[in-house]
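Novice: Numbering (the UniProt record's numbering), first residue to last: 1 to 109.
In this text, a Cβ means the ideal position worked out from N, Cα and C, and glycines have one as well.
1) When you compare each of 47, 55, 62, 30 to residue 116 by their alpha carbons, which one comes out closest?
2) Would residue 85 be called buried (16 or more neighbouring beta carbons within 10 Å of its own) or exposed?
3) Mind checking which residues open and close the alpha helix (DSSP H) that includes residue 73?
4) Thinking C-beta only, is residue 59 closer than 8 Å to residue 7?
5) Our contact map puts residue 22 next to residue 33 with C-beta atoms below 8 Å; I'd like the distance itself, whole angstroms only.
6) Using alpha carbons as the reference points, say which of 70, 94, 82, 95 lies closest to residue 10.
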């Protein structure tokens with residue numbers, strides 16, 4: 001079985017902060033869509049609940065959920081939240097990606 005993706009403590013803290021302000025559960029859905037400059041792109045959404053078949057991991061009370069189709073592309077990844085002079089964003093460290101783009105939001109296999 002593929003290794004479950006996970007959130008860093010910084011990402012969990014940011015998801016909890018966003019969820020609290022939107023009065024939603026602290027559940028971050030990571031999915032993969034076709035597109036982006038490298039073939040696939042990451043999509044992040046706050047979820048109301050897990051769906052049947054989702055892979056779920058938890059960090060500091062925040063759940064990361066991934067659908068079965070996306071899991072093959074992000075197995076073993078880590079979702080981080082980084083702040084820099086260029087801005088703040090969630091970033092995926094994906095061991096499956098053979099190529100990426102400068103913005104860090106798309107990848108190729």
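Specialist: Well, looking at it:
1) Only positions 1 to 109 of the chain appear in the structure, and residue 116 is not among them; the question remains open.
2) Within the chain shown, the letter at position 85 stands for residue 85. Residue environment analysis places residue 85 among the exposed positions, since fewer than 16 neighbouring C-beta atoms fall within 10 angstroms of its C-beta.
3) Looking up residue 73 in the chain shown gives position 73. Following the DSSP letters along the chain, one finds residue 73 inside the alpha helix (DSSP H) bounded by residues 68-74.
4) Start at 1 with the first residue of the chain shown, and residue 7 comes out as number 7. Start at 1 with the first residue of the chain shown, and residue 59 comes out as number 59. Cβ distance < 8 Å, so residue 7 and residue 59 count as in contact.
5) For the purposes of this step, residue 22 is taken as residue 22 along the chain shown, with counting starting at 1. For the purposes of this step, residue 33 is taken as residue 33 along the chain shown, with counting starting at 1. The Cβ separation is near 22 Å, so there is no contact.
6) Your numbering for residue 10 matches position 10 in the chain shown. Among 70, 94, 82, 95, the Cα nearest to that of residue 10 is on 82.
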